[in-house]
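Comments concern the structure below.
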Amino acid sequence: MNIAFEKPSLWQRLKPVLAGFDWPLLLIVTCLCAVGLAAMYSAGYDHGTRFIDQSRNMALAAIVLFTVAQIPPQRLMALAVPLYVVGVLLLVAVAIFGITKKGATRWLNVGMVIQPSEMLKIAMPLMLAWWFQRREGQLRGLDFVVAGLLLAVPVGLVMKQPDLGTSLLILSGGLYVIFFAGLSWKLIIPVLLIGAAGITAVVVSEQRICQPGLDWVVLHDYQKHRVCTLLDPTQDPLGKGFHIIQGMVAIGSGGISGKGFMKGTQTHLEFIPERTTDFVFAAFAEEFGLAGCLLLLFLFLCLIYRGLIISAQAPTLFSRLLGGSISLGFFTYVFVNMGMVSGILPVVGVPLPFISYGGTAMVTLGLGLGILMSIAKSRGLMQR
1 MNIAFEKPSL WQRLKPVLAG FDWPLLLIVT CLCAVGLAAM YSAGYDHGTR FIDQSRNMAL
61 AAIVLFTVAQ IPPQRLMALA VPLYVVGVLL LVAVAIFGIT KKGATRWLNV GMVIQPSEML
121 KIAMPLMLAW WFQRREGQLR GLDFVVAGLL LAVPVGLVMK QPDLGTSLLI LSGGLYVIFF
181 AGLSWKLIIP VLLIGAAGIT AVVVSEQRIC QPGLDWVVLH DYQKHRVCTL LDPTQDPLGK
241 GFHIIQGMVA IGSGGISGKG FMKGTQTHLE FIPERTTDFV FAAFAEEFGL AGCLLLLFLF
301 LCLIYRGLII SAQAPTLFSR LLGGSISLGF FTYVFVNMGM VSGILPVVGV PLPFISYGGT
361 AMVTLGLGLG ILMSIAKSRG LMQR
């Protein structure tokens, strides 16, 4: 008796892989990538192969997303300690054997040149989520102290490189986990008040503390210059204040509706430095105006909100903490990048997710989104 076996169709083979994917999240990310490619085409069409390379970076990030989404959160939790330990050891190796470029020692040659601090953007939330999962139901004040020490080690090593932007992202990712784990507002509010008082004091005493030759002790000279330039960019309009001034001019010149796609004069006359990377938002605002900026902000808010919804519905404490940290991590990226381009924060080299050019950053974003998809699949979230 002959038995004929029907060959499964492509959809039948893909269905198990796609089952449980959070389609609203995927739609939001697709829209952001489309906006990013449009902005990159305009800002970078005469800037080498930036548009083609960014398309390749997004394709690679999509592969990472779909691959990581197939890994259950339980297996991700098993990777937390090894990734953290390897990441910290690599940061120590950077401090000893690292490659120095433009005064910063951030890279390591391991057969190929890598930047280990990028690993900690994901490894840090993983490690702290693992720690609080282990302490679930028996949390004490000492557990938060240990979490703070686990966070302080990589942040300190990255700041020493120095790399203020990346250290800020690692710090915020860890603090989000600690906050979601139940850190008391009695401890948070005093820190916020001290921070607000410190910022106010810096602004008020700007003329005195920004005098040439004055050592800030805790900051490098270039970091001091960034803060002082932020307070008054007109002091050095053709030097360190050039980025901020031109960024603000481009944003303001966009008006309500913008100058139009590929019609940005500040962009294409090359007044905006780093127009495809850190300052791409200025180029975007000039061409698409306030309306385009509001649309972009709306998409980012939808991304963060959807990520928090996925995290809130996660089955384990580990997944909830990790997902919440990754979701608010997008907020940190957006707030810091738009803030520095708009002149309300120092320039620290933080990219705008899905809009700024960059291979490593795009892959890191794909990894974070893949973890969110993995958490969504663990609950079997379907499109609603």
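Residue numbers are given in this note's numbering: position 363 of the sequence shown equals residue 363, and the series is strictly consecutive.
Glycine included, C-beta positions come from ideal geometry on N, C-alpha and C.
Using the Cα positions of R75 and C31, report the straight-line distance between them to the nearest angstrom. C-alpha separation (whole angstroms): 30 Å.
Can you round the beta-carbon distance between G366 and A34 to whole angstroms, since I take them to be within the 8 Å contact cut? That belief does not hold up - the Cβ atoms of G366 and A34 are roughly 16 Å apart, past 8 Å.
Grouping DSSP H, G and I as helix and E and B as strand, with all else coil, what is R275? coil
Beta-carbon contacts of L128 that lie in its chain and below 6 Å, excluding the five residues immediately before and after: A147, G174 and V177
Please classify A197 as buried or exposed, where buried requires at least 16 neighbouring CB atoms within 10 angstroms. exposed
At the level of alpha carbons, what is the spacing between I114 and W107? 6 Å
The segment 321–332 contacting the segment 256–267, beta-carbon criterion three pairs below 8 Å: no
When you compare only the Cα positions, how much space is there between M77 and R134? Going from the Cα of M77 to the Cα of R134 covers about 11 Å.
Mind the definition here: the segment 96–107 touches the segment 273–291 only if three or more C-beta pairs lie below 8 Å; say whether that holds. no
Suppose contacts are defined by Cβ-Cβ distances below 8 Å. Is L297 in contact with I326 by that definition? no
Can you give me the start and stop residues for the beta strand (DSSP E) that I99 sits inside? I99 to K101
Please report the Cβ distance between G87 and M119, rounded to the nearest whole angstrom; I am assuming they are in contact, meaning their Cβ atoms lie under 8 Å. Their Cβ separation, rounded to whole angstroms, is 4 Å, which keeps G87 and M119 in contact under 8 Å.
Output needed for W216: all residues of its chain with C-beta closer than 7 Å, excluding positions within five of it in sequence on either side, in chain order. Excluding sequence neighbours, W216 sits near K224.
Do the CB positions of L322 and P125 come within less than 8 Å of each other? yes
Limits of the unbroken beta strand (DSSP E) element including L108: L108: member of the beta strand (DSSP E) spanning A104 to N109, first to last residue.
Is G368 closer than 8 Å to I122 when the C-beta atoms are compared? yes
Does the Cβ-Cβ distance between P168 and V348 come in under 8 Å? For the sequence presented, residue 168 should be read as Leu rather than Pro. Yes.
Quick one: grab the DSSP three-state call for I256. coil
Three-state class that DSSP yields for I71 in the structure shown: coil
Hey, E286 and G241 are a contact pair by Cβ (cut 8 Å); roughly how many whole angstroms apart? About 19 Å; that fails the 8 Å criterion.
Alpha carbon to alpha carbon, how far is C228 from L89? Give it in angstroms, no decimals. 34 Å
Closest residue to Q399 among T316, V341 and R208 (Cα-Cα distance): This structure gives no information on residue 399, because the portion of the chain shown stretches from 1 to 384.
Count the other CB atoms within 10 Å of the CB of M382; is the residue buried (16 or more) or exposed (fewer)? Unreliable positioning characterises M382 in this predicted model, as indicated by a pLDDT of 39, which lies under 50. A coordinate reading is not provided.
May I have the straight-line CA-CA distance separating L183 from I189, to the nearest angstrom? 11 Å
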